[in-house]
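All remarks here apply to the structure that follows.
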Amino acid sequence: MLTSLPSSTSQAPVATIWPDFNPMDLLSIFERTQQITVLPRPEQPALTHYLQQVSAKMAGGFRLTLPPEQASPDMLDHQWRLPEAAGKTALLTDICQLVQLYADLMDCPQVGIRLEVLTQAMCPRFHVDRTGIRLLCTYTGPGTEWLEDAFCNRAALKQTHASLEAFHSALILHPQGLRQASQHALVLLKGSRWQGNDHAGVIHRSPQIPPGVTRVVLALDAIW
Numbered sequence: 000m001l002t003s004l005p006s007s008t009s010q011a012p013v014a015t016i017w018p019d020f021n022p023m024d025l026l027s028i029f030e031r032t033q034q035i036t037v038l039p040r041p042e043q044p045a046l047t048h049y050l051q052q053v054s055a056k057m058a059g060g061f062r063l064t065l066p067p068e069q070a071s072p073d074m075l076d077h078q079w080r081l082p083e084a085a086g087k088t089a090l091l092t093d094i095c096q097l098v099q100l101y102a103d104l105m106d107c108p109q110v111g112i113r114l115e116v117l118t119q120a121m122c123p124r125f126h127v128d129r130t131g132i133r134l135l136c137t138y139t140g141p142g143t144e145w146l147e148d149a150f151c152n153r154a155a156l157k158q159t160h161a162s163l164e165a166f167h168s169a170l171i172l173h174p175q176g177l178r179q180a181s182q183h184a185l186v187l188l189k190g191s192r193w194q195g196n197d198h199a200g201v202i203h204r205s206p207q208i209p210p211g212v213t214r215v216v217l218a219l220d221a222i223w
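Going by numbering that gives the first Met the number 0, the sequence shown opens with residue 0, and the numbers climb by one from there.
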């Protein structure tokens, strides 16, 4: 369980844990009724610039499953062979820091890592993940959208609708319940497979991506 920053984060030469970050803020996701925890953090210009330069060469994204203690910038680069440009080390270091942080939070022996490179919404329909607790971090492009429980009709998730528009009309009780994460924010999403959460889970979707924009998002899943 998370009690402090993983020691490896203090050794990162380029990307650093953001100022005023308190890892204990992540623990709210374990509260029974808490379905999402969002921690904003400042943009890291080196990461943004790197991805703007090379994302067109990263079609399909990258995946890897590994014990968190093995995560290092050199190891990830060896596995993924990211395009060369200024800022690559900053991105790899940030990913490794988040892997360590997430693994410490979840106390899991392995972490599934996905770096998705998208030009259209991957999951445009509001849904609940059949997972435990997933971490998302959008580096470029629009962030993940979710609905506050007080402004949604959860029963609509199990009903049949003639169109996506009809489904969203039945689901969303008021548009003020729609939220969107900012770039670089950490988003912890609780799914329906978390213990005691069978009939809950945060209702969320992938955002629409404007023409000419690439969304790069990191997803981490605990694996036992």
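Virtual Cβ for every residue (Gly too), placed ideally from N, Cα, C.
{"Check": "Under the three-state DSSP convention, the category Val127 falls into", "Outcome": "coil"}
{"Check": "The stretch 202 to 214 in contact with the stretch 91 to 104 per 3-pair CB rule at 8 Å", "Outcome": "no"}
{"Check": "Given 8 Å, three or more beta-carbon pairs between the stretch 86 to 93 and the stretch 116 to 130", "Outcome": "no"}
{"Check": "Glu42, enclosing beta strand (DSSP E) - first and last residue", "Outcome": "Note, Glu42: premise wrong, no beta strand (DSSP E); not H, not E."}
{"Check": "Residues that DSSP places opposite His220 in a beta bridge", "Outcome": "Inspection of the sequence shows that residue 220 is occupied by Asp rather than by His. Asp220 is bridged to Gly111, Arg133."}
{"Check": "Same chain only: Cβ atoms within 7 Å of Trp223, ignoring 5 sequence neighbours per side", "Outcome": "Cys107, Pro108"}
{"Check": "Continuous beta strand (DSSP E) stretch holding Ile202: start and end", "Outcome": "202 to 204"}
{"Check": "Rounded distance between the beta-carbons of Val98 and Pro72, thought under 8 Å", "Outcome": "With 8 Å as the limit, Pro72 and Val98 do not qualify as a contact, their Cβ atoms being about 11 Å apart."}
{"Check": "Nearest-angstrom beta carbon gap, Val186 and Thr139 [assumed within contact, 8 Å]", "Outcome": "With 8 Å as the limit, Thr139 and Val186 do not qualify as a contact, their Cβ atoms being about 15 Å apart."}
{"Check": "Euclidean distance between Cα positions of Leu200 and Ser191", "Outcome": "Looking at the sequence provided, one finds Gly at residue 200 rather than Leu. Those two C-alpha atoms are separated by around 5 Å."}
{"Check": "Gln207 in three-state terms, based on DSSP", "Outcome": "coil"}
{"Check": "Status (buried if at least 16 other CB within 10 Å, exposed otherwise) for Gly59", "Outcome": "exposed"}
{"Check": "Three or more C-beta pairs below 8 Å linking the stretch 29 to 41 and the stretch 75 to 85", "Outcome": "no"}
{"Check": "Inter-residue Cα distance where the pair is Phe150 and Gln34", "Outcome": "14 Å"}
{"Check": "Exposure label - His173; buried when at least 16 CB within 10 Å", "Outcome": "exposed"}
{"Check": "Beta-carbon separation (whole angstroms), Leu219 vs Gly111, contact threshold 8 Å", "Outcome": "7 Å"}
{"Check": "Contact check, Phe61 vs Leu134, beta carbons under 7 Å", "Outcome": "no"}
{"Check": "Where Trp145 falls: helix, strand or coil (DSSP)", "Outcome": "strand"}
{"Check": "Buried or exposed (CB count within 10 angstroms, at least 16 for buried), Pro141", "Outcome": "buried"}
{"Check": "Minimum C-alpha distance to Pro123 - residue among Ile208, Val212, Asp19", "Outcome": "Ile208"}
{"Check": "Rounded straight-line distance, which links the Cα of Gln175 to that of Glu224", "Outcome": "Only positions 0 to 223 of the chain appear in this structure, which leaves residue 224 out of reach."}
{"Check": "Local Cβ density within 10 Å of His183, reported as buried at 16 or more and exposed below that", "Outcome": "buried"}
{"Check": "Own chain residues within Cβ distance below 7 Å of Arg129, not counting five before or after", "Outcome": "Gly190, Ser191, Arg192"}
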